[in-house]
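Line by line, the protein sequences are chains C and X.
For the first sequence, our numbering assigns the number 14 to the initial residue and increments by one for each residue that follows.
For the second sequence, our numbering assigns the number 14 to the initial residue and increments by one for each residue that follows.
Each residue gets a CB set at the ideal place from its N, CA and C atoms; glycine is no exception.
To start, the structure under review is shown below, and the notes come after it.
2 protein chains.
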Amino acid sequence: MKNISLSPNGVEYILPTEEESKEERETLEKITAEQKSSGRKIVAVQGMGFVGCVMAAVVADAEDNRGKPLYFVHGQQRASARSYWKVPVINSGEPPVKSSDKEVPEIFKSTVSDKKTFRATWLNYAFEVADIVVVDIQLDATKPAFGEAERGYCDLSAFRDGMRNLGKHIQPHCLILVETTVPPGTCEKVVKPIIEEEFMKRGIDIKTNPPLIAHSYERVMPGSNYVKSIRNFWRVFSGVNEKSKKLARKFLNGVLDTEDYPLTELDNTNASEMAKVMENSYRATNIALTLEWAKFAEQIGVDIFKVREAIRQRKGTHDNLLRPSLGVGGYCLTKDPVLANWSMGAIFDLEGSLDVAINSVNINDTMPLHTIELIKQEYPDLRDLNIAVLGVSYLEELGDTRHSPSETLVRFLNESWAIVKAHDPYVDFWAEMENVPVLDDIREAVKNADVVVFAVGHNEYRNYQPQKIVEMAGKKPLIVDCSNFVDDVKLNEYKKIGCKVKALGKGTV
Amino acid sequence: MKNISLSPNGVEYILPTEEESKEERETLEKITAEQKSSGRKIVAVQGMGFVGCVMAAVVADAEDNRGKPLYFVHGQQRASARSYWKVPVINSGEPPVKSSDKEVPEIFKSTVSDKKTFRATWLNYAFEVADIVVVDIQLDATKPAFGEAERGYCDLSAFRDGMRNLGKHIQPHCLILVETTVPPGTCEKVVKPIIEEEFMKRGIDIKTNPPLIAHSYERVMPGSNYVKSIRNFWRVFSGVNEKSKKLARKFLNGVLDTEDYPLTELDNTNASEMAKVMENSYRATNIALTLEWAKFAEQIGVDIFKVREAIRQRKGTHDNLLRPSLGVGGYCLTKDPVLANWSMGAIFDLEGSLDVAINSVNINDTMPLHTIELIKQEYPDLRDLNIAVLGVSYLEELGDTRHSPSETLVRFLNESWAIVKAHDPYVDFWAEMENVPVLDDIREAVKNADVVVFAVGHNEYRNYQPQKIVEMAGKKPLIVDCSNFVDDVKLNEYKKIGCKVKALGKGTV
């Protein structure tokens, strides 16, 4: 049923009819006029994804010195079967994202229901009335082959469409603030020409009305400080011309806590775009380094986690060193180096490549295979082996499964004909692995397991005592620890019970 | 004249005769007996290099709660033409190293001349009477080809000889504390077997007297906090058995400020050895990442130094990001990844390699060629071009030229028949490049220069105004800035005067 949009809670929403769109338009006109007359600027946020919806709420929550709201926000979300449900959900005062941060539901209730400064809509009309459009469209990198990030590219077509749509609708004075992580060069060489083209089609003189485009990347961490990671966090920005910079500065000063977290203005949008992908490349590279050394450590009786702590004692110079794990997942570290590397040739027509960052992505992407090697040391043939994979999200205490290393792990285990049962307290449905049920009950996942993999470091798993695991399994499974759960004490307990243990990065096991 | 040892100050010392060695032995016997009778432990430090000599002074300076010296230190230095001069220099109360740290001459005067708890000698007898031998022998990696660190290896023969010498002389109860940065596995698989072999030859039962060997790596920074970087800094250690660990712990607690900088004990010496080479690999990798992005930034109008500051705002997670420069030099970052990578196969007989770290060394080693590319953008033919290279040490405000990136720069410039004049306020004589005079007077170096390279970020250079440079050159040289000296203001001044500027990592130039 194509005219239905199904929310994650299982509620079905019928996509709006033309008649409803007409009514919605009238509603928007009325609201916008009211809000403008009360002196508020109109902001449209394009894309109600992980970043956009909370950013929209933060903007809608911004107040002047006297506690008066500064902005009215239209949260714009296309009426697609995949995402339309977010519009009615937001307008009911609920967030369209799950989070362990209590502030998330609070800020949606406060801005949507109480202050009424935030409302979602599916209409482009939101862009027509906006003084500022904040762009939070998703943009992915594609890696055509596993472990070959150097061949990765970025399909900008949907992003271009989104920009063209803005060019058709926005007023000349409207600032486009791109928050999406984009390949360096995108604002100057992709967004600007498109907006100029559309402006010219509309008869707007781009000499007197050059498009106003700025870039300020988000640093959202969708955990327990979700809202704070937007509002109370450092921001970097720039614009394609002085006026864009000025408008962006004013807007960011209005909505963020820039007193405690000062803004950084860079010379141009290339710089701001580069800063984002470079900071994630820095993380990705640090992890890749650690992963290589973890494998070395394992083989020479060294616990890499202890070595890491020893190194991190050098505060200020060595404490960013990251820890090894099953692999690297999520939306940022897996793709940002690819965006940058692709941009060099595709956007700037330059030779060369960013080998350190790209090789790091390859090391990180293929790391879950190492855990399979650990299992194979005990069970060379994985066929019909019962394997419980505990944790399928990409990070501890999070329900986000995008590019999760558990996905690679389970995929390759399945290809070897192992029988995988997955569990995750934060994940009900594994969108990327629809055929792998994520069991609710850990006992079901571990029951009869020959191998138990502590894949993700959720705290819940940390607390399971060895005896309990054996009880649930009904046998003595091989324990594979990717999360530094098995310390010296637990190791002894497992040994006493008769369980073998393999631990990633721990040769002392 | 082989029996002469020439100090850097130009003083000639005649190598000791047999007669003098006999007298020295008697002196040592007497001093040792006196010191032992006053309750002090005897420490011998093997190797009076950059680390050993200051470490020896720090040990000699250690006192108990009542201000009584804990140790008497024999600083042992072989009577070679290259290094013997250190013995008489130290015994005159002077440090054998130059440093900007005032505490260095102070601690030599205090321990050698005043407290008389530190004395240098060339005799192995120092090891015979020692309760603890601290090993500070230099150990280098060899890279057989430029830019191919993966082929690098470590020639352990001199180190093995040093250990064998200890095995022949030390008493069974003596702790060998290795401070030298060694390939992981060295204490267990190199030092221990050698000492055991020598003990057995001497009829010592290694069952009841297993060799006592510990590893605790130094983190010396020979700048303005030279002494503090030994005494007031975090230390990691381990030992080949429990007794070694215990003795090492006691010794380090005695000589270092472990109250403010707590010790980290690791499970085994492999771990401690790995921690050192991994922490330097972490730095080397961070720089390599930055260097690759600096080249990208240059080409798209981005100032990487500003981008770096933007990223480093994320305190605690991103502030270790290092800055780009002419290249990476010094004794540690250039070789430690090689020691680790070589150790995998050569010491542990493992497959695999540490690609992230090794590729980083290659990127760092070859980086000075990029500066030559910058010059070539203006002067495609370097023949007979007058080039002033300002700075030849490997780091700001330091006189250490070991593996300096300026060395690579000058070597390749010379090969292209450029005429190079070098200057460095901290370097009188360039040991690695004997044929390149380091001029005292910067005016002489810059006079008539077609190109002025700010190679090293010494503060002295930062303060030169554009007008002054042109005056000294007597023409308008191309300015090549590898040190982030040319900011927006200076750039404008250079432009006004008519000087072209190329700046590493700065596309805004």
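Identification of chain C residues near Met287/X by a Cβ-Cβ cut-off of 7 Å yields Ala310, Val315, Val320, ordered along the chain.
For a cut-off of 8 Å, the C-beta gap from Ala323/C to Thr277/X is around 4 Å, short enough to register as a contact.
Pairwise C-beta distances place the region 341-353 of chain C in contact with the region 409-425 of chain C, as three or more of them are shorter than 8 Å. Here Glu278/X carries a strand assignment [DSSP, helix/strand/coil]. Here Gln184/X is exposed: its Cβ has fewer than 16 other Cβ atoms, across all protein chains shown, within 10 Å.
Apart from the 5 residues on each side of it in sequence, Ile510/C sits with its Cβ closer than 6 Å to the Cβ of Pro479, Val483 in its chain, given in chain order. Near chain C, meaning a CB-to-CB distance below 8 Å, the residues of the region 324-336 of chain X are Ile324, Gln326, Arg327, Gly329, Thr330, His331, Asp332, Asn333, Leu334. As summarised for the region 122-188 of chain C, the continuous beta strand (DSSP E) elements at least 3 residues long and confined to that stretch are 131-134, 145-148, given in chain order.
Using a 10 angstroms sphere on the CB of Ala46/X, the tally of other CB atoms stays under 16, which defines it as exposed.
Checking the DSSP bridge columns, you'll see Gln390/X has no partner listed. Among the residues facing chain X, Asn283/C is included, as its CB has a counterpart in that chain under 7 Å away. By the CB criterion at 7 Å, Ser285/C and Phe250/C fall inside the cutoff. With a cut-off of 8 Å on Cβ pairs, the region 172-184 of chain X is in contact with the region 131-151 of chain X, counting three or more such pairs.
A direct Cα-to-Cα measurement between Asn427/X and Ala401/X gives close to 12 Å. Judged by their CB atoms, Met234/X and Val204/X are not nearer to each other than the 7 Å cut-off.
Cβ-Cβ distances below 8 Å link Ala143/C to Ile55, Val56, Ala57, His87, Ile183, Gln184, Cys187 in the same chain, with the five nearest sequence neighbours on each side left out; the list follows chain order.
By the criterion of at least three beta-carbon pairs nearer than 8 Å, the region 464-479 of chain X is in contact with the region 491-506 of chain X. Secondary structure at Ala431/C: coil, using DSSP grouped into helix, strand and coil. Sorting Leu265/C, Ser257/C, Leu190/C by C-alpha distance to the C-alpha of Ala75/C places Leu265/C at the top.
For Ser96/X, same chain residues with a beta-carbon under 6 Å away, outside a window of 5 residues either side, are Gln90 in chain order. Around Leu395/C, the same chain offers Ile385, Ile388, Lys389, Leu426, Ser429, Trp430, Ala431 as residues with beta carbons nearer than 8 Å, after the five sequence neighbours per side are excluded. For Glu25/X, the enclosing beta strand (DSSP E) begins and ends at 25-27.
Chain X has no Cβ within less than 7 Å of the Cβ of Met380/C.
The criterion of a C-beta distance shorter than 7 Å is satisfied by Asp378/X and Gly160/X. A direct Cα-Cα distance of roughly 20 Å separates Arg53/X from Asn104/X. Closest in C-alpha terms to Gly106/X, from the list Ala73/X, Pro82/X, Ser93/X, comes Ala73/X.
Setting aside the 5 residues that flank it on each side, Asn375/C is surrounded in the same chain by Gly160, Ala162, each with a C-beta closer than 6 Å to its C-beta; the list follows chain order.
In this model, Glu305/X and Asp368/C are separated by some 8 Å (Cα to Cα).
Residues of the region 192-221 of chain X with a C-beta less than 7 Å from any C-beta of chain C: Pro197, Gly198, listed in chain order. Nearest CB-CB separation between Glu305/C and chain X: below the 7 Å threshold. Of all residues in the region 344-377 of chain X, those with a C-beta nearer than 8 Å to a C-beta of chain C are Ala353, Met357, Phe361, Leu363, Gly365, Leu367, Asp368, Val369, Ala370, Asn372, Ser373, Ile376, reading in chain order. Interface residue (Cβ-Cβ distance to chain X less than 7 Å): Asp270/C is not classified as such. For Asn399/X, the enclosing beta strand (DSSP E) starts and ends at 399-403. For Met291/C, the nearest beta carbon of chain X is closer than 7 Å to its own beta carbon. Residue contact check for Thr298/X against chain C: a CB pair falls below 7 Å.
Considering only Gly198/X, Lys515/X, Gln326/X, Val146/X, the residue with the shortest C-alpha distance to Glu391/X is Lys515/X.
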